[in-house]
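Notes for the one structure printed next.
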Amino acid sequence: MDLMSCLECNESIKMASRTILKESQIMKIHYITGIAAIFVVALHIMMRLVVPFEQSLEYDYIIANYKNIIYVLILESILVLISVHGFNGIRIILLELRQSRAWENMVTVVTISAMIGLISYGTRTIILANGL
Amino acid sequence: MNNTAIDNKNEQKITLKVYRENRGQDSGSHHDTFEVPYKKWTTVLDALLYVKSYMDPSVAIRYSCRMASCGSCGMKINGVPKLACYTKISELETSTIECEPLPNFPIIRDLVTDFSRFFNHHKRMEPYIQTNDSTEADTSKGTFSFNQSPEDVDKYLQFSYCIKCGLCYSACPTVGTDLNFPGPQALAQQYRYFADTRDESKKRLDIVDDRHGIWRCHFAGSCSKVCPKGVDPALGIQLLRSYMLGISKNNKVPAKKIEVNGNNNNNNGTDTE
Amino acid sequence: MKEIERPTRNNLEGIGGWLNPLRYGWERISYWFQRLTGVFLLIYFIGHVYETSTIVNGQNAWESFLELTQTVWGHLFLIMVIGASTFHSANGIRLIFTHAGIGLGTPGRPDYPYNPASLNYRQKSGIWIALILAAAAMFYGFNVLFGV
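Chains as they are written, first to last, in this note's numbering: chain A, 39 to 170; chain B, 102 to 374; chain C, 322 to 469.
Here is the structure:
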């Protein structure tokens, strides 16, 4: 392949990857959600460990936690941060596995949908448990 | 077969297992085994050339300088990409040496692979000095030299030692699945020009800011592990990434151009260092 | 218009290359672990969000789901999750520093035996610290879950 076909190749690669966010912006989000998730997950685990483990799994204890607005905010932030970080990670792995415009678009749609779906489902749990 | 090439009572023999395939003839692949004599300093390339000379001349290999300078003889030796001329049989410490074509490069025949994709990724990086001063190319007005200090040179020198052998490209896990990933060599060269004070291109970071670009490097470090020239492409890639993340600030001062007239006299008395 | 030749996947290592981490040193092993633990933790997280959602169906639903998870295998699985999350977090912090160019050394003039500056003791000790923290967390988790 000569240089001209190399430039055409470059164009086809660029066309396949036209996105709303630049990859550098997506990766900054990936790093920030990862670091933030460490803090909130650590808080979540510590709150499970301030009482004996069996008690931490009792129905009444958990419902009481869901009524605590700070705990609710921690749970919601875990949900959002881990969903974004995790599904972006899967997106990266899937993009590396195959390269074509159809596959990459499908990966983007599926991972964003899964992200939104999981966050919605978890938020539903939090809202309903808070109202119980 | 007249084995007068090596006449040494202390010679030992090693089993060389060589991958054989001819993609042009679509005949499938197999390994051929050869018993080859060797001494303490015999390299894998020496052994393969012995096979070609005395046993099977049809074995296809690529080589040139025989001294780890040209990068032609890269192949997978006992599962790890290495230069055949730079790998001594005595260092491998196995009784059988398996020689296979470099992974992640299309096989042409036996140990010879196609470097087109590798070179195309390199070309995409625009691997040449770009300046804003178009008069530089006009030699009728005299020639210019760039004023670079040793500190300026040290910022990119090790990355300029790349011999494009392809070992890093073979070792990289991302290259193994992603055809659009430029590979460690191309990305390290992008840093090499980015760090060079003679280069004034503003596009270098944008070229690699892509979903198949620099962000698909995960610092597995295999590229630097196998590099025979100490280029350390992983270092170049992470340093380039630090600029893209905004951690390192690009305060590169472009190298001054010093006019040198046609009579070999330096107008500015450039004994500056 | 000139047709662009479809690039060939001839001789690509593929996923086999990802799955064999033993050829290139500790940094490749940590890459392999980071991917494995990441995928594992995502799967666990999806299961955990579903598991915790049973609480909205009342106490009986919650307790019957607990019978599934509060078993020996459930606890062992949770210990794996503890180890995976500790390694992934600690190694992830190391990777964020390296991606920012921190802890890698500076370019210089390489000389024989051409040991790469980036694969230095900071990276190896970072990986080892992540592994040790993961083992310690798993040990602590084992003590809590099995009441030892």
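Backbone N, C-alpha and C fix where the C-beta goes; we use that ideal spot for every residue, glycine too.
Asked: Evaluate contact between the stretch 203-218 of chain B and the stretch 149-168 of chain B, counting only Cβ atoms and requiring at least three cross-stretch pairs below 8 Å.; Found: yes
Asked: Taking the beta strand (DSSP E) that residue 200 of chain B belongs to, which residues open and close that run?; Found: 197-201
Asked: Could you work out which residue in C/346, C/342, C/395 is closest to residue 446 of chain C when comparing CA atoms only?; Found: C/346
Asked: The alpha helix (DSSP H) with residue 410 of chain C in it runs from where to where?; Found: 393-420
Asked: Please say whether residue 339 of chain C and residue 274 of chain B have beta carbons closer to each other than 8 Å?; Found: yes
Asked: Against chain C, does residue 205 of chain B count as a neighbour if the rule is that its beta carbon must be under 8 Å from one of theirs?; Found: yes
Asked: Any beta-carbon of chain D closer than 8 Å to the one on residue 61 of chain A?; Found: Going by chain labels, chain D is absent from the structure shown, which instead holds the protein chains A, B and C.
Asked: When Cβ atoms are compared, which residues of the stretch 63-80 of chain A fall closer than 9 Å to chain C?; Found: 65, 69, 72, 73, 75, 76, 79, 80
Asked: Does the Cβ of residue 92 of chain A have 16 or more other Cβ atoms within 10 Å, making it buried, or fewer, making it exposed?; Found: exposed
Asked: In the DSSP assignment, what residue or residues form a beta bridge with residue 120 of chain B?; Found: B/132
Asked: Quick one: Cα of residue 438 of chain C to Cα of residue 428 of chain C, how far?; Found: 8 Å
Asked: Flag this pair as touching only if the stretch 142-159 of chain B and the stretch 190-210 of chain B have three or more C-beta atom pairs under 8 Å; answer yes or no.; Found: yes
Asked: With distances taken from CA atoms, which of B/361, B/215, B/344 is nearest residue 243 of chain B?; Found: B/361
Asked: Checking the sheet assignment: what are the DSSP bridge partners for residue 113 of chain B?; Found: B/139
Asked: Please state the DSSP three-state secondary structure of residue 446 of chain C.; Found: helix
Asked: Count the other CB atoms, across all protein chains shown, that sit within 10 Å of the CB of residue 153 of chain A; report buried if there are 16 or more and exposed otherwise.; Found: buried
Asked: Between the Cα of residue 147 of chain A and those of A/85, A/68, A/125, spot the shortest distance and give me the residue it belongs to.; Found: A/125
Asked: Tell me, please, whether the CB atom of residue 100 of chain A is closer than 8 Å to any CB atom in chain C?; Found: yes
Asked: What separation, rounded to the nearest whole angstrom, lies between the Cα atoms of residue 276 of chain B and residue 158 of chain A?; Found: 36 Å
Asked: Along chain B, which residues have their Cβ under 8 Å away from the Cβ of residue 267 of chain C?; Found: Any answer about residue 267 of chain C is impossible in this case: the structure gives chain C only from 322 up to 469.
Asked: Can a CB atom of chain A be found closer than 8 Å to the CB of residue 380 of chain C?; Found: yes
Asked: Looking at the secondary structure, which residues open and close the beta strand (DSSP E) in which residue 182 of chain B lies?; Found: 181-184
Asked: Quick one: list the residues of chain C neighbouring residue 210 of chain B, beta-carbon separation under 7 Å, in chain order.; Found: In chain order: nothing, as chain C lies at least about 12 Å away.
Asked: Is there a C-beta anywhere in chain C that falls below 8 Å from the one on residue 255 of chain B?; Found: yes
Asked: Run through the DSSP bridge pairs and tell me what residue 247 of chain B is partnered with.; Found: B/358
Asked: Tell me whether the beta-carbon of residue 324 of chain B lies closer than 8 Å to the beta-carbon of residue 272 of chain B.; Found: yes
Asked: In chain order, what residues of the same chain lie with their CB nearer than 6 Å to the CB of residue 349 of chain C, ignoring the 5 residues before and after it?; Found: 342
Asked: Spell out whether any CB of chain C is found under 8 Å from the CB atom of residue 45 of chain A.; Found: Since pLDDT at residue 45 of chain A reaches only 42, below the 50 mark, its modelled position is unreliable, and no value is offered.
Asked: Please confirm if the stretch 446-461 of chain C is in contact with the stretch 390-398 of chain C, defined as three or more CB-CB distances below 8 Å between the two stretches.; Found: no
Asked: State the CB to CB distance for the pair residue 347 of chain B and residue 335 of chain B, rounded to an integer number of angstroms; the pair is presumed to be in contact (CB under 8 Å).; Found: With a Cβ gap of about 20 Å, residue 347 of chain B and residue 335 of chain B do not count as contacting.
Asked: Please return the same chain residues whose Cβ sits closer than 7 Å to the Cβ of residue 282 of chain B, not counting the five positions on each side in sequence.; Found: 275, 276, 313, 317
Asked: Counting Cβ pairs, one atom from each stretch, are 3 or more of them under 8 Å apart for the stretch 136-146 of chain A and the stretch 95-104 of chain A?; Found: no
Asked: Starting from residue 526 of chain C, find everything on chain B with Cβ-Cβ shorter than 8 Å and list it in chain order.; Found: With chain C represented from 322 up to 469, any question about residue 526 of chain C goes unanswered, as that position is not in the structure.
Asked: Please state whether DSSP places residue 139 of chain A in a helix, a strand or coil.; Found: helix
Asked: Listing by chain order, which chain B residues have their CB less than 8 Å from the CB of residue 339 of chain C?; Found: 274, 277, 278
Asked: Whose CA, out of A/84, A/90, A/138, lies closest to the CA of residue 112 of chain A?; Found: A/84
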